[in-house]
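This report concerns only the one structure given below.
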Amino acid sequence: MPAGAQPPDVLVVDDLVRRFGELTAVDGVSFRVAPGETYGLLGPNGAGKTTTISMIAGLVRADAGTVTVAGSPVGQQKVAVRRHIGLVPQDLAIYPELTARENLSFFGRLQGLRRQDLTRRVDGVLELIGLRDRADDATKEFSGGMKRRLNIGVGLLHRPSLLILDEPTVGVDPQSRNAILESVEALSVEGMAVLYTTHYMEEAERLCDRIAIVDSGRIQAEGTREQLVRLIGAVDQVRLTGGGEIETAAVALRDLPAVERVDVDTNVLVLTVRDAPSAVAALVTGASNAGMTLSDVEITRPNLESVFLHLTGKALRD
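Residues in the sequence shown are numbered consecutively from 1, following UniProt numbering.
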């Protein structure tokens, strides 16, 4: 590869279509995922996310369109390319009577790992998913979150180029959910391409480099969080609470470049601004210099829920 050239995309999805009778579950979906990128499919249940990833993994036949993983076309009869794919479905695929280590060793052998390579890989995966200290416990004793993490580990064993995670935190407690998210965050550091489906806005915002908003089988919009928010013209809001020269501070802050609007509400200044995290230091300094004594600063930023509602006319979990 020439110096400075971008590596080829791990996943290329082009105009996928899947129909079930009169229902078009996936309607012309196209996107790409680069090495080391976490790409999110964000949408409510029934939006077509699981059908899309089933076609990508070669489990469901596409009525139209193509999927390429690591440069090879994917299809139900193309077994070799599936070695590049790690699929972690919503349903658990582990044996409750076996320990975590035994589960991983079993699935590793199915994936062609042997002897020292298998042992090293199992140990590395146990460390990555945070289960090394429970490696020799039967998985029937695990919490739901621990089982989910082990399920992710199974998908990682053969070092896939693309890891597909379908709603991996559904039905788990907040602590386990956070542990799962931390495990996923570590994957991009290893250069793995990750395709992540979720209907939780906060997960997409935390994990994903780019996000596709999916509804009714179509991608309604795609981009980084910031690009999606800009798409609907949304801006940030900063509330400065305090006393002193509030009116004077309001006049002074109106002249700052990032400020679009200033409203005064008793002991609060409500400022409409662009990129609040970058502007807040100047806002606080300006208000203080104008004689306002601050007791609280609050930033409210538009989120993906706002974008989804704008694009589809309904809430994300409808």
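For each residue, glycine too, the CB sits at the ideal point set by N, CA and C.
Checklist entry - Which term fits residue 236, buried or exposed, when burial requires 16 or more other beta carbons within 10 angstroms of its beta carbon? => result buried
Checklist entry - Assuming residue 167 contacts residue 227 under a Cβ cut-off of 8 Å, what Cβ separation, rounded to an integer in Å, is found between them? => result Actually they are not in contact, since the Cβ atoms of residue 167 and residue 227 sit about 24 Å apart, beyond 8 Å.
Item to check | Own chain partners of residue 92 with C-beta closer than 7 Å, once the 5 adjacent residues on each side are dropped | outcome: 147 and 151
Checklist entry - How many whole angstroms separate the CB atoms of residue 238 and residue 194, which I take to be in contact at a CB cut-off of 8 Å? => result Not a contact, Cβ separation roughly 34 Å.
Item to check | For residue 294 and residue 240, believed in contact at Cβ under 8 Å, the rounded distance | outcome: 6 Å
Item to check | Residues bridged to residue 72 (per DSSP) | outcome: 69
Next on the checklist: Taking 8 Å as the threshold (C-beta atoms), are residue 24 and residue 217 in contact?
Outcome noted: yes
Next on the checklist: Suppose only complete runs of 3+ residues qualify. What are the beta strand (DSSP E) ranges in the region 94-144, listed by chain order?
Outcome noted: none
Next on the checklist: Between the alpha carbons of residue 206 and residue 54, how many angstroms are there, rounded?
Outcome noted: 24 Å
Checklist entry - How long is the line joining the alpha carbons of residue 287 and residue 246, rounded to whole angstroms? => result 8 Å
Next on the checklist: DSSP three-state label for residue 24, please.
Outcome noted: strand
Next on the checklist: Closest to residue 36 by C-alpha separation, out of 21, 95, 141 and 185, would be which residue?
Outcome noted: 185
Checklist entry - Taking Cβ to Cβ, would you say residue 94 is nearer than 8 Å to residue 154? => result yes
Checklist entry - What is the DSSP secondary structure of residue 239, reduced to helix, strand or coil? => result strand
Item to check | Contained alpha helix (DSSP H) runs [length at least 4] in the region 169-252, N- to C-terminal order | outcome: 174-189, 201-207 and 225-231
Checklist entry - Apart from the five residues on each side of it in sequence, which residues of its chain come closer than 6 Å, Cβ to Cβ, to residue 292? => result 242, 244, 245, 246 and 249
Item to check | Which of helix, strand or coil DSSP assigns to residue 266 | outcome: coil
Item to check | Nearest neighbour of residue 255, chosen from 231, 290 and 221 [CA to CA] | outcome: 290
Checklist entry - Since residue 222 and residue 212 are thought to touch, with beta carbons under 8 Å apart, how far apart are those beta carbons, to the nearest angstrom? => result 5 Å
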